[in-house]
Amino acid sequence: MKRIIVGEVMHESSSLAKYPTEEINFRRTLMWYEKEDVFNLCKIRFRDYLTGIMEGGAAIGLEIVPAFCAFASPSGKISQRCFESLKESFFAGIDDSIPIDGFCLAFHGAGVSEPEADLEGAFLEEIRSRFGWEIPIVMTLDPHANITEKMIKNADLLVPSKLYPHIDTYETGELAARFMKTLIEEPDKLKMHVEKIPILLPITMGCTDNEPMKSILQYCNGKEKIENIRYSVFVQGFPYSDIEDCSCAAVVITDGDIVLAEAAAKDIADYVYDRREELRSDCLSVQEGLDEAETYITEGKKIIVINETSDNPGAGTPGDGTWLLREMLERNIEKTCIGAINDPEAVQEAIRSGVGTTLNLLVGGKTDDQHGEPVRIQNAYVKSICDGKYCILSDMTHGQPVNFGASVRIQAGNVDVIIASNSYQIMDDGIFSLLGIDFREYNIIGVKSAQHFKAYFKKFTDHIITVDPPGVSTGNLETLNLKKVKRPIFPLDF
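Counting from 4, one number per residue, gives the positions in the sequence shown under the working numbering.
In structure tokens form, the structure reads like this:
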């Protein structure tokens with residue numbers, strides 16, 4: 004039985020965030036596993052890349068040797084100290100497992116650290132320096148990967164998932180395991196070509212259920228009907244990393260035909276670039292979004308979800324932005340709720356005051372000056388308190404443990420506000436439910452997320468409104484101070 008190392012260091016890094024990512028950020032998510040403890044992921048049925056690799060690999064006769072798994076919510080660059088800790092833990096798990104026949108890894112592809120702008124490339128390069136070029140390496144990637152030359156050089160295959168929301172991560176892991184077995188048995192069987200595309204794609208335009216991404220996905224899938232093409236995918240990139248290699252890309256894997264892989268990847272790149280004008284972000288302001296919501300309400304509709312995309316913790320923002328919160332409080336529309344504002348200080352004040360009391364709270368806007376000023380809420384009624392821990396019910400990373408930390412629900416007029424101690428994007432209604440909110444009974448539900456929330460909430464509503472006030476995950480990329488991206492690139496220079 005062939006022995007493969009499996010491991011994960013998963014982080015999407017925003018160079019625009021003003022706070023570094025430390026080891027505590029990984030441990031706070033309850034996702035720091037070493038060696039045999041990695042099997043705990045399978046026990047809790049957390050469906051992601053790594054469990055897909057592990058369960059898929061075992062099902063086809065590979066011996067799974069877990070090394071290390073760490074996941075943190077998107078945030079700022081990984082600090083020097085945290086990078087060294089991740090690297091030490093990762094390779095400690097490998098050094099105890101020799102001999103091995105291959106590496107099947109799950110990384111994000113947009114990891115940035117203070118010492119290494121290309122986190123994934125740095126890990127791959129270190130593996131090659133320690134174990135040589137004969138051993139195969141397969142690495143799954145998030146669709147928001149910024150694929151670098153170092154990654155291409157050091158990995159035999161890069162296997163990004165296709166969908167946004169990312170509901171195909173487990174299946175991508177299974178596919179990577181099958182590719183790994185093929186490479187072990189026939190080292191020259193599979194060939195890959197990556198074609199970079201000079202486009203920065205805002206996350207507001209990335210949903211693969213909507214156009215033009217829906218057609219781009221179908222175009223890539225169509226390539227797989229061609230003989231010898233095993234996998235074809237458009238990679239959206241992550242502009243907020245602000246590294247030289249930020250851009251979209253096309254990845255094609257074939258049965259031993261590098262010429263075919265190159266031709267197909269270039270064709271996808273041309274197809275996407277020809278549609279680039281459709282990829283410009285065009286979202287509503289907060290005021291316009293709430294105007295639209297009020298129109299829906301007058302038509303007798305409810306469960307209107309408004310997502311504040313520019314303060315999406317899933318893209319590394321602080322999650323304490325107040326643009327949408329402030330407007331909701333001012334309008335005081337009946338049956339409105341919003342979650343979750345990251346403000347541990349306000350949470351502790353509310354907890355000290357106690358359930359059933361009222362107090363004046365200064366909420367949000369405390370991390371930086373880019374997401375709105377703090378909001379003074381007078382006579383806030385403390386309705387409920389919880390520990391903020393649950394497992395995701397959405398098809399997106401179903402079973403993943405979530406830790407919002409101590410959280411409170413306060414009521415201000417007609418608005419229910421969820422305040423949390425940790426920054427985390429809304430994936431489902433878990434934090435709402437913990438605090439006693441049934442969102443299906445509300446007219447307007449405000450969430451801090453860009454796309455992932457749709458995997459859950461679209462089952463309950465057709466009325467989703469995206470608003471894009473100032474913030475470091477805005478779709479208006481031209482307003483960001485991107486310094487390191489290779490130029491010229493669309494849309495910054497066109």
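The beta carbon of each residue, even a glycine, is placed where N, CA and C say it ideally should be.
Because the structure is a prediction, the values reported are computed rather than measured.
Item                                                                                                                                                                    : Value
Between C389 and the rest of its own chain, which residues show a CB-CB distance below 6 Å, the 5 nearest in sequence each way excluded?                                : S410, L437, L438
Give the range of the beta strand (DSSP E) segment to which K194 is assigned.                                                                                           : 194-200
With burial defined as no fewer than 16 other Cβ atoms inside 10 Å of the residue's Cβ, what is the status of T257: buried or exposed?                                  : buried
In angstroms, rounded to a whole number, what distance separates the CA positions of G324 and P190?                                                                     : 50 Å
Which residue spans inside the region 302-362 form an unbroken alpha helix (DSSP H) run of at least 4?                                                                  : 326-334, 347-356
If we count the other Cβ atoms within 10 Å of its Cβ and call it buried at 16 or more, is I229 buried or exposed?                                                       : exposed
Alpha helix (DSSP H) containing Y173: first to last residue?                                                                                                            : 172-188
If you draw a straight line from the C-alpha of S356 to the C-alpha of K369, how long is it?                                                                            : 21 Å
Which one of D121, G449, T207 has the shortest CA to CA distance from E152?                                                                                             : D121
Between S313, G319, H401, D294, which has its C-alpha nearest I307's C-alpha?                                                                                           : D294
What whole-angstrom Cβ distance do E25 and C85 have, given they're in contact under 8 Å?                                                                                : 5 Å
Could you tell me whether any Cβ in chain C is nearer than 9 Å to the Cβ of K38?                                                                                        : No chain C is part of this structure, which consists of one protein chain only.
Of all the options I130, V141, Q290, which has the alpha carbon lying nearest to the alpha carbon of L328?                                                              : Q290
Helix, strand or coil: how does DSSP classify T32 here?                                                                                                                 : coil
Exposed or buried, which one is A61 when buried takes at least 16 other CB atoms within 10 Å?                                                                           : exposed
M4 by DSSP, collapsed to three states: which one?                                                                                                                       : coil
If you count every other CB in all the chains shown that lies within 10 Å of the CB of W326, and 16 or more means buried, which is it?                                  : buried
Tell me whether the beta-carbon of K457 lies closer than 9 Å to the beta-carbon of C210.                                                                                : yes
Three-state secondary structure (DSSP) at V115?                                                                                                                         : coil
How would you write the range of the beta strand (DSSP E) that F74 sits in, first residue to last?                                                                      : 66-74
Excluding the five sequence neighbours on either side, which residues of its own chain have a C-beta within less than 6 Å of the C-beta of V255, listed in chain order? : H196, S235, A264, A267, A268
Just checking, does the region 89-99 make contact with the region 35-45 on the three C-beta pairs under 8 Å criterion?                                                  : yes
State the DSSP-derived secondary structure class of Y384, mapped to helix, strand or coil.                                                                              : strand
Quick test of the definition: if touching needs 3 or more C-beta pairs under 8 Å, does the region 131-140 touch the region 69-87?                                       : no
Quickly, what does DSSP pair C107 with across the bridge? List them, please.                                                                                            : V9, V141
DSSP on A252, reduced to helix/strand/coil?                                                                                                                             : strand
Between A415 and the rest of its own chain, which residues show a CB-CB distance below 7 Å, the 5 nearest in sequence each way excluded?                                : L332, I380, A383
Checking 9 Å against the spacing of the C-beta atoms, do C2 and L53 come in under that value?                                                                           : Because residue 2 is not part of the residues shown, which for the chain are 4 to 497, the question remains open.
Determine the extent of the beta strand (DSSP E) in which G449 is found, giving its start and end residues.                                                             : 447-450
Is it true that the CB of D471 sits closer than 9 Å to the CB of S313?                                                                                                  : yes
By a C-beta neighbour count over all protein chains shown, 10 Å radius and 16 as the cutoff for buried, is N149 buried or exposed?                                      : buried
Apply the 10 Å Cβ neighbour rule to I67 and answer buried if 16 or more other Cβ atoms are within range, or exposed otherwise.                                          : buried
E58 and C72 look like a contact to me (Cβ under 8 Å); what is the Cβ gap, rounded to whole Å?                                                                           : In fact, because the Cβ distance is near 14 Å, the residues do not count as touching under 8 Å.
Are the Cβ atoms of T360 and V385 separated by less than 9 Å?                                                                                                           : yes
Identify whether T54 lies in helix, strand or coil by the three-state DSSP scheme.                                                                                      : helix
I'd like the span of the beta strand (DSSP E) that includes I467, first residue to last.                                                                                : 467-470
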